[in-house]
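Novice: Can you read through this structure? Questions will come right after.
In the numbering used here, the protein residues as written are 28 to 808.
The following block contains the structure:
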């Protein structure tokens with residue numbers, strides 16, 4: 028193996044420091060010199076938690092820049108970072124955005140957030156020069172080299188239509204795409220969620236060629252890992268010119284296949300580095316607290332252990348398996364301390380509240396930072412598996428129930444993450460849950476794995492009555508496969524399936540299944556049911572309940588053009604969600620004097636949308652599997668933390684925002700502005716009136732005059748579009764008068780995508796254009 032040159036090594040050292048503000052670890056230098064600098068990537072990277080695995084993104088970027096300025100890239104131009112946790116997707120996106128911000132700043136271009144960037148604030152002239160060299164090399168790869176062109180495109184795929192399309196605009200531009208298994212995997216299989224049929228080959232081609240897929244926390248989604256490795260192997264066999272490259276990244280690698288290459292792992296010399304050794308030997312003292320007699324007793328024990336630290340100004344993590352238990356523990360801790368000192372993170376919290384949580388001072392205080400100060404009072408973060416894997420958390424102490432070994436290793440990695448010698452000793456209390464009565468074969472396997480986990484943890488070295496649970500000690504348990512959670516069954520991938528998925532112009536092709544089973548395996552567990560709240564539900568129910576196929580068509584167009592975003596939804600096991608919704612269906616709001624039932628809209632996975640009384644929709648068992656139910660805000664059903672609660676009531680001291688579909692005033696990194704407007708023409712009125720759905724809109728006197736003077740619905744819609752500088756996505760007529768003229772319509776607006784190669788580009792629309800439409804589009808352009 029030819030060693031890298033001194034110039035290559037110096038380039039990496041200077042570039043890494045410029046982009047991160049600190050020198051690389053030894054393993055990061057070796058990964059660069061032995062692999063990425065040569066255009067190679069190891070199949071598996073097995074590095075303990077807390078040692079900067081996300082730096083793989085930086086190593087790829089630096090190596091690509093070196094190759095770009097010295098003979099052409101041998102590494103893929105696109106890096107797709109996949110992890111099956113929304114919180115980690117957002118963290119990885121923040122890392123990527125920091126890299127781009129520093130590159131743009133080095134080029135002298137405006138960069139959002141540069142004034143608050145701690146790395147840029149510490150730059151020396153050599154750092155700025157190194158970053159400028161990387162940026163210039165990456166710009167040299169781009170086809171679009173305009174003055175304000177970015178050297179790096181970044182896109183986040185973690186929810187329906189959350190894509191900013193940067194990765195599509197210039198296929199030659201170096202790109203970082205961060206996404207979930209569903210969003211990336213569905214695109215690879217020509218079935219992109221939220222992607223039109225004509226654009227699916229485009230997405231599959233860009234993600235499936237000239238791309239490095241970094242599959243983070245690979246043990247979470249083994250079926251997806253098997254899928255992408257098989258796709259890469261097929262491309263290699265067929266000698267594709269720029270084939271897919273896959274590397275699996277995890278701190279919890281399962282036992283390797285004897286035929287597979289050895290994973291990239293720490294050497295003894297790298298473990299001996301001062302900072303690495305400090306983190307590997309971080310003091311974590313684990314104690315078993317025995318098995319409780321009942322679930323109530325187990326919950327009480329966990330709360331009691333957590334409250335031991337309430338006066339110590341510590342950050343305490345509490346992990347349990349069930350969302351309901353997490354919610355109950357959080358409520359008890361809040362009553363014993365203060366609501367502002369307790370946060371809840373579960374997969375059943377609605378996306379909107381989960382995003383708000385990530386921005387709170389309490390949650391940010393749990394992030395690993397050697398310079399952080401203790402809190403003014405003890406703070407608690409109660410979480411399920413949604414807060415276990417890959418999330419940058421660093422608590423002082425941990426209280427949890429006992430679960431499988433892979434989850435326990437991840438939990439232990441969120442406490443005393445950076446180490447701190449004897450001065451910082453993390454205490455870990457493990458409470459065993461009473462053994463439940465289980466019936467299924469898979470449930471029995473889970474019980475066996477949990478029992479094996481206790482046996483494995485009991486082998487850890489003892490000191491002063493506590494087990495040493497440092498990362499170094501835990502590495503000895505890596506091969507205890509019997510203690511890991513059961514692996515989902517997988518489905519074979521065949522050429523016939525790939526051919527069927529690739530025939531995207533055929534709308535309903537027999538033998539073309541949805542890709543979920545190839546992404547997640549054959550799940551033996553219960554399907555989910557999703558819930559969201561939309562203000563237009565009552566309006567649609569009143570207008571469309573007897574509209575037949577016309578109503579179905581309107582609903583399909585509405586939720587195609589204005590889909591339910593991840594921030595709007597909460598999810599849970601079908602039986603539990605259904606039980607809560609049945610409680611909602613039986614009660615009525617205090618201010619509702621009518622005898623009307625609560626109406627809802629059901630969006631099945633494969634069937635047509637349905638509108639009707641909530642109680643009747645809940646009887647359609649087959650259609651409820653993994654479906655979404657839309658409720659009107661007046662139905663309530665959300666508690667203060669964003670979880671589904673059938674007995675939730677209006678609280679005058681708290682304003683719970685139910686309809687969070689749109690936001691006209693802010694623009695985040697993932698989503699474009701959206702707006703729903705209800706247009707109404709009353710018989711006695713001169714023209715049209717408008718009101719926002721889900722949010723208030725400001726209508727100037729000029730707009731009011733234009734609406735009143737509008738000769739028809741189309742003219743009124745154009746006036747709204749011009750006023751808000753948004754493009755019309757759909758104009759749905761809900762009601763007509765006796766003469767057949769429209770008197771009520773829902774107008775869907777969105778931000779124009781004219782600057783990018785968007786799937787909704789009007790010029791590529793596969794339908795005839797009205798003259799008014801054409802003139803409106805031309806005027807906007």
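Positions of the beta carbon are idealized from the N, C-alpha and C atoms, including for glycine.
By DSSP, does residue 772 sit in helix, in strand, or in coil?
Specialist: Here residue 772 is taken as the residue at index 745 of the chain shown, counted from 1. When secondary structure is reduced to three states using DSSP, residue 772 falls in the strand class.
Novice: Does the contact criterion of 3 or more C-beta pairs under 8 angstroms hold for the segment 163-175 versus the segment 61-73?
Specialist: no
Novice: By the DSSP assignment, the beta strand (DSSP E) with residue 427 in it spans what residues?
Specialist: Taking the chain shown and counting its residues from 1, the one referred to as residue 427 is at position 400. Start and end: 424-428.
Novice: Which residues share a DSSP beta bridge with residue 637?
Specialist: Position 610 of the chain shown, counted from the start, is the residue given in the question as residue 637. Under DSSP, residue 637 forms a beta bridge with 629.
Novice: Once the 5 residues before and after residue 232 are set aside, which same chain residues still bring their CB inside 6 angstroms of it?
Specialist: In the chain shown, the residue the question calls residue 232 occupies position 205. So the list is empty, once near-sequence residues are dropped.
Novice: Return the first residue and the last residue of the beta strand (DSSP E) that residue 655 is part of.
Specialist: As a first step, residue 655 is located in the chain shown; it is residue number 628 there, counting from the start. Segment 655-658, the beta strand (DSSP E) holding residue 655.
Novice: My output table needs one value for residue 349: the three-state DSSP class, helix, strand or coil.
Specialist: For the purposes of this step, residue 349 is identified with residue 322 of the chain shown, where counting begins at 1. Note: residue 349 maps to coil in three-state DSSP.
Novice: Could you tell me if residue 773 is buried or exposed, where buried requires 16 or more neighbouring beta carbons within 10 angstroms of its beta carbon?
Specialist: Translated into positions along the chain shown, residue 773 becomes position 746. Classification of residue 773: buried, given that the 10 Å Cβ count is 16 or more.
Novice: Name the DSSP beta bridge partners of residue 274, please?
Specialist: Residue 274 sits at position 247 when you count from the first residue of the chain shown. BP columns for residue 274 point to 241.
Novice: Could you tell me the alpha carbon to alpha carbon distance between residue 695 and residue 80, rounded to whole angstroms?
Specialist: Taking the first residue of the chain shown as position 1, residue 695 is located at position 668. Taking the first residue of the chain shown as position 1, residue 80 is located at position 53. Caution applies to residue 695, whose pLDDT of 48 falls short of 50 and renders its modelled position unreliable; the model cannot decide the point.
Novice: Please classify residue 557: does DSSP put it in a helix, a strand, or coil?
Specialist: Numbered from 1 along the chain shown, position 530 holds the residue referred to as residue 557. Residue state, collapsed to three classes: strand.
Novice: Take residue 384 and list the residues in its own chain whose beta-carbon comes closer than 7 angstroms to its own, dropping the five residues that flank it on each side.
Specialist: Against the chain shown, residue 384 aligns to sequence position 357. Around residue 384: 370, 372 and 390.
Novice: Check each candidate in 458, 653 and 510 and name the one with the smallest Cα separation from residue 554.
Specialist: Locating residue 554 in the chain shown gives position 527, counting from the first residue. Relative to the Cα of residue 554, the nearest Cα in the group 458, 653 and 510 belongs to 653.
Novice: Under 8 angstroms by Cβ, that's how I've got residue 565 and residue 659 pegged, so tell me the actual separation to the nearest angstrom.
Specialist: In the chain shown, the residue the question calls residue 565 occupies position 538. In the chain shown, the residue the question calls residue 659 occupies position 632. Between residue 659 and residue 565 the Cβ distance is about 5 angstroms, and since that is below 8 angstroms, they are a contact.
Novice: Pick out whichever of 357, 737 and 428 has its Cα sitting closest to the Cα of residue 313.
Specialist: Here residue 313 is taken as the residue at index 286 of the chain shown, counted from 1. Among 357, 737 and 428, the Cα nearest to that of residue 313 is on 428.
Novice: By Cβ distance below 6 angstroms, which residues in the same chain neighbour residue 815 in space, the five residues on each side in sequence not counted?
Specialist: Residue coverage of the chain in this structure runs from 28 to 808, which leaves residue 815 outside it and unanswerable.
Novice: Per the contact definition of three or more C-beta pairs closer than 8 angstroms, is the segment 195-208 in contact with the segment 96-110?
Specialist: yes
Novice: Classify residue 73: buried if its beta carbon has 16 or more other beta carbons within 10 angstroms, exposed otherwise.
Specialist: Within the chain shown, numbered from 1, the residue matching residue 73 stands at position 46. Sixteen is the threshold: when 16 or more other Cβ atoms of the shown chains lie within 10 Å of the Cβ of residue 73, as they do, the residue is buried.
Novice: If you compare alpha carbons, which of 638, 797 and 58 is closest to residue 294?
Specialist: Within the chain shown, the letter at position 267 stands for residue 294. Closest option to residue 294, Cα to Cα, is 58.
Novice: Hey, how far is the Cα of residue 602 from the Cα of residue 588?
Specialist: Taking the first residue of the chain shown as position 1, residue 602 is located at position 575. Taking the first residue of the chain shown as position 1, residue 588 is located at position 561. Approximately 30 angstroms between the Cα atoms of the pair.
Novice: Just curious, the alpha helix (DSSP H) that residue 212 is in, first and last residue?
Specialist: Locating residue 212 in the chain shown gives position 185, counting from the first residue. Per DSSP, residue 212 belongs to the alpha helix (DSSP H) from 208-215.
Novice: Does the segment 479-491 come within contact of the segment 424-439, defined as at least 3 CB pairs closer than 8 angstroms?
Specialist: yes
Novice: Residues in the same chain with beta-carbon distance under 8 angstroms from residue 48, minus the five sequence neighbours each way, listed in chain order, please.
Specialist: As a working note, residue 48 is residue 21 in the chain shown. 145, 146 and 149, listed in sequence order.
Novice: Shortest alpha-carbon distance to residue 750 belongs to which of 736, 727 and 763?
Specialist: For the purposes of this step, residue 750 is taken as the residue at position 723 of the chain shown. The shortest C-alpha separation from residue 750 is found at 727.
Novice: For residue 341, which three-state DSSP category applies?
Specialist: Numbered from its first residue, the chain shown carries residue 341 at position 314. It is coil, neither helix nor strand.
Novice: Quick one: what's got a C-beta closer than 6 angstroms to residue 157's C-beta in the same chain, skipping five residues either side?
Specialist: Taking the first residue of the chain shown as position 1, residue 157 is located at position 130. The beta carbon of residue 157 is closer than 6 angstroms to those of 41, 42 and 45 in its chain, skipping five residues each way along the sequence.
Novice: Just list the residues that DSSP pairs residue 457 with in beta bridges.
Specialist: As a first step, residue 457 must be located in the chain shown, where it is residue number 430. Its beta-bridge partners are 315 and 427.
Novice: Closest to residue 713 by C-alpha separation, out of 702, 704 and 737, would be which residue?
Specialist: As a position in the chain shown, residue 713 is number 686, starting the count at 1. Measuring from the Cα of residue 713, the nearest candidate turns out to be 737.
Novice: Thinking C-alpha only, which one of 342, 254 and 581 is nearest residue 547?
Specialist: One-based indexing of the chain shown puts residue 547 at position 520. Here the closest residue by C-alpha is 254.
Novice: In the DSSP assignment, the alpha helix (DSSP H) including residue 255 goes from what residue to what residue?
Specialist: Mapped onto the chain shown, residue 255 falls at position 228. Secondary structure note for residue 255: its alpha helix (DSSP H) is the uninterrupted segment 249-264.
Novice: Taking the alpha-carbon positions, what's the residue 34 to residue 93 distance?
Specialist: Translated into positions along the chain shown, residue 34 becomes position 7. Translated into positions along the chain shown, residue 93 becomes position 66. Cα to Cα, the separation comes out at about 10 angstroms.
Novice: In the DSSP assignment, the beta strand (DSSP E) including residue 495 goes from what residue to what residue?
Specialist: Here the question's residue 495 lines up with position 468 in the chain shown. Note, residue 495: beta strand (DSSP E), 493-495.
Novice: Look at the Cβ atom of residue 318, then the Cβ atom of residue 459, and state whether they are nearer than 7 angstroms.
Specialist: Position 291 of the chain shown, counted from the start, is the residue given in the question as residue 318. Position 432 of the chain shown, counted from the start, is the residue given in the question as residue 459. A contact, by the Cβ cut-off of 7 angstroms.
Novice: Could you check which residue in 479, 83 and 734 has the C-alpha nearest to that of residue 276?
Specialist: Taking the first residue of the chain shown as 1, we reach residue 276 at position 249. Among 479, 83 and 734, the Cα nearest to that of residue 276 belongs to 83.
Novice: I'd like the span of the alpha helix (DSSP H) that includes residue 388, first residue to last.
Specialist: Counting from one through the chain shown, the residue named residue 388 turns up at place 361. 388-392 is the extent of the alpha helix (DSSP H) around residue 388.
Novice: Which whole-angstrom value is the C-beta distance of residue 581 and residue 759, which I expect to be below 8 angstroms?
Specialist: To locate residue 581, count along the chain shown from 1; it is residue 554. To locate residue 759, count along the chain shown from 1; it is residue 732. Yes, residue 581 and residue 759 are in contact; Cβ-Cβ is about 5 angstroms, under 8 angstroms.
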